[in-house]
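For the sequence shown, the residue numbers in the UniProt record's numbering are 1 to 342.
We put the CB at the ideal spot given by N, CA and C, even for glycine.
This report refers to the structure that appears directly beneath it.
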Amino acid sequence: MTHNVAILGASGYTGAELVRLISQHPSINIAALAAERKAGLDMAQVFPHLRHLSLPTLCKIDEIDFSQIDLCFCALPHKTSQEVISALPKDLKIVDLSADFRLRDPDAYEKWYGNPHSAVEIQEEAVYGLSEFYRDEIKAARLVAGTGCNAATGQFALRPLIAAGVIDLDEIILDLKCAVSGAGRALKENLLHAELSEGYHAYALGSTHRHLGEFDQEFSKLAGRPVKVQFTPHLLPVNRGILATVYVKGTAQTVHDTLAQAYEKEPFIEVLPFGEAPSTHHVRGSNFCHIGVAEDRLEGRAIVIAALDNLTKGSSGQALQNANLMLGEEETAGLMMAPLFP
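In structure tokens form, the structure reads like this:
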């Protein structure tokens with residue numbers, strides 16, 4: 001059976017990544033591509049690396065006949081997704097890649113994103129899109145809210161440890177490095193080559209990064225009590241990748257064994273042999289997440305390192321993984337490509 005999908009926001013990085021991935025999917029057809037400011041252009045004019053594909057011309061959202069669409073990917077900016085999704089057919093399956101439906105509490109959304117949630121009635125039906133941990137709910141969902149790429153990386157490293165109670169929940173430090181594509185495709189002065197290259201800096205210090213809302217929500221739900229991590233993101237002058245180094249209080253071998261057991265049957269999560277560390281090089285362009293564990297020199301402490309591609313496993317790849325679950329397809333369909341190296 002072939003499923004017709006639409007991609008809204010197809011002119012952004014995550015939209016292009018969705019096209020790249022779905023082009024290899026055995027049973028999904030891209031029936032519509034929307035990009036408001038670039039409507040009327042061919043995808044090859046916007047992304048020449050997709051020139052070899054036969055794709056619909058970019059159009060405006062209101063030009064799409066959604067009666068012919070089985071599932072819609074919304075790769076739109078925050079806040080815009082609320083407005084657009086509210087106007088879509090109520091029976092349409094949707095995977096939203098923005099932050100608009102990630103936080104279950106509307107007050108939390110307003111706290112972290114600075115404006116009231118305008119689609120609270122839809123928020124109530126949204127399922128958090130971390131496939132490995134919400135698989136059954138995603139299969140039955142109409143609306144799935146994709147995770148933040150930083151939030152996904154931290155959760156892959158920590159969720160099994162919190163659930164198993166093998167680390168001190170009040171002693172978690174998350175030091176994360178993210179590629180520049182995580183900031184989107186819009187022109188921004190601080191992301192110009194001359195301003196970003198040959199440098200490396202921390203940003204959103206303290207309690208200002210929006211993905212803290214996801215960490216608070218998910219870790220506290222797991223633990224059954226409030227859990228707040230220390231989190232500092234850093235911007236790397238590279239195109240793709242996230243590397244998270246997590247410092248925890250717990251026995252390193254137990255931490256490794258817990259992660260290895262939790263992910264033993266997960267097709268996209270690779271726990272490395274004890275003492276080995278992953279690299280963003282080893283997951284580039286793939287839907288894999290590599291996790292390593294090492295013993296800290298301080299007794300009773302461990303270092304957990306997780307690496308993934310922010311555009312694939314951190315966003316568009318995870319979105320397609322969710323879509324596979326929602327459409328009754330093999331979860332790995334279109335996603336088993338090997339990473340790019342070098």
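Going by DSSP in three states, residue i sits in which element: helix, strand or coil?
i, result
"residue 193", "helix"
"residue 175", "strand"
"residue 255", "helix"
"residue 164", "helix"
"residue 260", "helix"
"residue 243", "strand"
"residue 276", "coil"
"residue 180", "helix"
"residue 338", "coil"
"residue 198", "coil"
"residue 205", "coil"
"residue 333", "coil"
"residue 151", "helix"
"residue 319", "helix"
"residue 223", "helix"
"residue 313", "helix"
"residue 1", "coil"
"residue 328", "coil"
"residue 187", "coil"
May I ask you to list the residues that DSSP assigns as paired with residue i?
i, result
"residue 230", "173"
"residue 289", "269, 308"
"residue 281", "Beta-bridge pairing links residue 281 to no other residue."
"residue 301", "249"
"residue 238", "BP columns for residue 238 are empty, so no partner."
"residue 157", "DSSP lists no partner for residue 157."
"residue 143", "94"
"residue 295", "302"
Cβ of residue i within 8 angstroms of Cβ of residue j?
i, j, result
"residue 334", "residue 28", "yes"
"residue 327", "residue 88", "no"
"residue 259", "residue 293", "yes"
"residue 318", "residue 184", "no"
"residue 311", "residue 291", "no"
"residue 166", "residue 254", "yes"
"residue 6", "residue 64", "yes"
"residue 252", "residue 306", "no"
"residue 55", "residue 30", "yes"
"residue 217", "residue 140", "no"
"residue 279", "residue 339", "no"
"residue 202", "residue 232", "yes"
"residue 35", "residue 58", "yes"
"residue 18", "residue 316", "yes"
"residue 41", "residue 16", "no"
"residue 230", "residue 176", "no"
"residue 14", "residue 92", "no"
"residue 102", "residue 125", "no"
"residue 112", "residue 182", "no"
"residue 168", "residue 249", "yes"
"residue 325", "residue 20", "no"
"residue 152", "residue 314", "yes"
"residue 219", "residue 298", "no"
Is residue i close to the ligand PLP? I mean its beta-carbon at under 7 angstroms from any heavy atom of the ligand.
i, result
"residue 250", "Absent from the structure shown: the ligand PLP. Ligands present: none."
Return the Cβ separation of residue i and residue j in integer angstroms, given the expectation that the two are a contact with Cβ distance under 8 angstroms.
i, j, result
"residue 154", "residue 75", "22 angstroms between Cβ atoms; not a contact."
"residue 242", "residue 156", "That belief does not hold up - the Cβ atoms of residue 242 and residue 156 are roughly 10 angstroms apart, past 8 angstroms."
"residue 210", "residue 323", "Actually they are not in contact, since the Cβ atoms of residue 210 and residue 323 sit about 24 angstroms apart, beyond 8 angstroms."
"residue 32", "residue 86", "About 19 angstroms separates the two Cβ atoms, so there is no contact after all."
"residue 320", "residue 289", "Incorrect: roughly 15 angstroms between the Cβ atoms, too far for contact."
"residue 196", "residue 237", "5 angstroms"
"residue 106", "residue 123", "6 angstroms"
"residue 179", "residue 240", "5 angstroms"
"residue 160", "residue 262", "4 angstroms"
"residue 84", "residue 129", "That pair is no contact at about 17 angstroms."
"residue 115", "residue 79", "6 angstroms"
"residue 266", "residue 110", "Contact flag wrong, Cβ pair sits at about 34 angstroms."
"residue 341", "residue 281", "6 angstroms"
**Message:** Going residue by residue through the UniProt domain "Semialdehyde dehydrogenase NAD-binding" (4 to 141), where are the continuous alpha helix (DSSP H) segments of at least 4 residues, counting only ones entirely within it?
**Reply:** Fully enclosed alpha helix (DSSP H) runs of 4 or longer: 13 to 22, 43 to 46, 80 to 86, 106 to 113, 120 to 123, 135 to 139.
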